[in-house]
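Right under this line is the structure:
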């Protein structure tokens with residue numbers, strides 16, 4: 001079975017302080033064969049890109065209201081009058097606060113939701129087909 005990939009390159013802002021941020025090239029990725037997850041790659045043109053994977057549902061909810069806990073927290077806000085989505089990422093290697101344009105993230109998420117609507121993710125995993133194949137052998 002073929003799967004669908006939805007990607008979007010965009011520029012995020014790494015927030016260093018309330019007054020200062022720097023641009024970070026990034027790529028959002030979604031694969032219909034991994035339907036519960038979204039993938040974000042930072043520094044996409046560098047020798048050492050950074051990859052993060054977390055629940056698509058977390059990002060969908062975070063566009064509208066604060067959500068998440070632990071390693072990934074997402075919430076909407078306004079910066080200089082424009083809508084943004086903030087993502088706070090935490091790992092043993094450090095922490096980062098990233099700002100993404102809300103319109104771009106929402107448009108990309110909408111594309112993923114058309115490919116795999118909420119609630120239909122389990123069907124995309126095709127676990128029953130794999131199990132049947134195993135048992136037939």
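In full-length UniProt numbering, the protein residues as written are 1 to 137.
C-beta atoms are modelled at their ideal positions from N, C-alpha and C, and glycine is treated no differently.
Just so it is clear, the structure is predicted and the values come from calculations on it, not from any experiment.
Pull up the CB-CB distance for residue i and residue j, whole angstroms please, since I reckon it's below 8 Å.
| i | j | result |
| --- | --- | --- |
| residue 79 | residue 95 | Actually they do not touch by this definition, with Cβ atoms about 19 Å apart. |
| residue 104 | residue 14 | That belief does not hold up - the Cβ atoms of residue 104 and residue 14 are roughly 16 Å apart, past 8 Å. |
| residue 108 | residue 16 | So it is not a contact: roughly 25 Å between Cβ atoms. |
| residue 24 | residue 43 | 7 Å |
| residue 84 | residue 101 | 6 Å |
In whole angstroms, what separates the C-alpha of residue i from that of residue j?
| i | j | result |
| --- | --- | --- |
| residue 112 | residue 91 | 26 Å |
| residue 116 | residue 35 | 7 Å |
| residue 32 | residue 58 | 17 Å |
| residue 20 | residue 97 | 12 Å |
| residue 63 | residue 136 | 44 Å |
| residue 106 | residue 86 | 13 Å |
| residue 6 | residue 114 | 11 Å |
| residue 73 | residue 39 | 15 Å |
| residue 81 | residue 61 | 21 Å |
| residue 8 | residue 56 | 15 Å |
| residue 45 | residue 26 | 9 Å |
| residue 76 | residue 110 | 16 Å |
| residue 93 | residue 4 | 32 Å |
| residue 30 | residue 18 | 31 Å |
| residue 53 | residue 37 | 6 Å |
Which of the three DSSP states is assigned to residue i in this structure?
| i | result |
| --- | --- |
| residue 106 | helix |
| residue 74 | strand |
| residue 79 | strand |
| residue 60 | helix |
| residue 41 | strand |
| residue 114 | helix |
Please confirm whether any heavy atom of the ligand FMN lies closer than 7 Å to the CB of residue i.
| i | result |
| --- | --- |
| residue 18 | You won't find the ligand FMN in this model; it holds no ligand whatsoever. |
Taking the beta carbon of residue i as the centre, do at least 16 other beta carbons fall within 10 Å, making it buried, or is it exposed?
| i | result |
| --- | --- |
| residue 22 | exposed |
| residue 2 | exposed |
Answer yes or no: does any C-beta atom of chain E fall closer than 8 Å to that of residue i?
| i | result |
| --- | --- |
| residue 116 | Judged by its chain identifiers, the structure shown contains no chain E, having just a single protein chain. |
- Mind listing, in chain order, the continuous beta strand (DSSP E) runs of no fewer than 3 residues lying wholly within the segment 5 to 54? The segment 5 to 54 is shown to contain whole beta strand (DSSP E) runs of 3 or more residues at 5 to 17, 20 to 31, 37 to 42, in chain order.
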